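With our numbering as the guide, the letters of the sequence shown map in order to residues 1 to 152. As structure tokens, the structure follows; a few thoughts come after it.
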Amino acid sequence: MKLKNPMLIVTDIDKSVEFYKKVFGLHVIMDFGANKTLTGGLTLQTVETYKDFIGKSNISFGGNNFEIYFEEDNFDEFANKLKECDVEYVHPIVEHSWGQRVVRFYDPDKHIIEVGENMKIVCKRFLNSGMTPEQVAERMDVPMKFVNACMR
Numbered sequence: 001m002k003l004k005n006p007m008l009i010v011t012d013i014d015k016s017v018e019f020y021k022k023v024f025g026l027h028v029i030m031d032f033g034a035n036k037t038l039t040g041g042l043t044l045q046t047v048e049t050y051k052d053f054i055g056k057s058n059i060s061f062g063g064n065n066f067e068i069y070f071e072e073d074n075f076d077e078f079a080n081k082l083k084e085c086d087v088e089y090v091h092p093i094v095e096h097s098w099g100q101r102v103v104r105f106y107d108p109d110k111h112i113i114e115v116g117e118n119m120k121i122v123c124k125r126f127l128n129s130g131m132t133p134e135q136v137a138e139r140m141d142v143p144m145k146f147v148n149a150c151m152r
């Protein structure tokens, strides 16, 4: 068995396609009308057709119990771009205890999107600040093998 695609149910598929294009640069690679697959494998499905698929009329949005996660190499550039996208933030940029900076916000249907700084970039940032590899491994709570791989 093989996991294929995460699928988000959306109220306005064109609005959602435009959102994912503007914010992430994703574009439609397969268009079945009520179902569209975007680059990276994210799939969007209209709420009307999904109701028929599952035989239920009660579809809720904004449950805050699921997120789509992206990693970004140039986190600062993305954060600046995001300011121009008129998104509703779940929270502003925070730095987790392991040093990774992340931001969470909602898409047009209140699905949570998380964008985190690429973990290899976090490692390199700490190394470039003068920390030893051992200090980085401890700070990030990662094995030395990960730090060594980031140093290559």
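All residues carry an ideal CB built from backbone N, CA and C; glycine is no exception. Quick caveat, the model's predicted, so the values are computed rather than measured.
Please tell me whether residue i and residue j are closer than 8 angstroms, where the distance is taken between their beta carbons.
i	j	result
Phe66	Val115	no
Lys36	Val17	yes
His91	Arg104	yes
Pro108	Asp12	yes
Met131	Arg139	yes
Phe126	Val136	yes
Ile9	Val47	yes
Val28	Leu38	yes
Ile68	Pro6	yes
Can you tell me the Cβ-Cβ gap for residue i and residue j, rounded? I've got them flagged as a contact below 8 angstroms.
i	j	result
Asn118	Asp73	5 angstroms
Phe61	Lys110	5 angstroms
Per DSSP, residue i is paired with what?
i	result
Asn35	Gln45
Ile112	Glu67 and Tyr106
Leu8	Leu44
Met30	Thr37
Would you give the residue range spanned by the alpha helix (DSSP H) that residue i belongs to?
i	result
Arg139	Pro133 to Met140
Asp14	Ile13 to Phe24
Leu3	Taken as a continuous stretch (DSSP letters only), Leu3 belongs to no alpha helix (DSSP H), as it is neither H nor E.
Ile59	No alpha helix (DSSP H) contains Ile59, which DSSP labels as neither H nor E.
Asn128	Met119 to Asn128
Tell me whether residue i is buried or exposed, calling it buried when 16 or more other Cβ atoms sit within 10 Å of its Cβ.
i	result
Ile113	buried
Tyr89	exposed
Leu44	buried
Phe53	exposed
Phe19	buried
Tell me where the beta strand (DSSP E) around residue i begins and ends.
i	result
Val90	Tyr89 to Glu95
Phe66	Segment: none, Phe66 is in no beta strand (DSSP E) and carries neither H nor E.
Glu77	Per DSSP, Glu77 belongs to no beta strand (DSSP E); it is in the alpha helix (DSSP H), Phe75 to Lys83.
Arg101	Arg101 to Tyr106
Would the C-beta of residue i count as close to the ligand ATP, meaning under 7 angstroms from any of its heavy atoms?
i	result
Leu26	The model on display carries no ligand, and the ligand ATP is accordingly not part of it.
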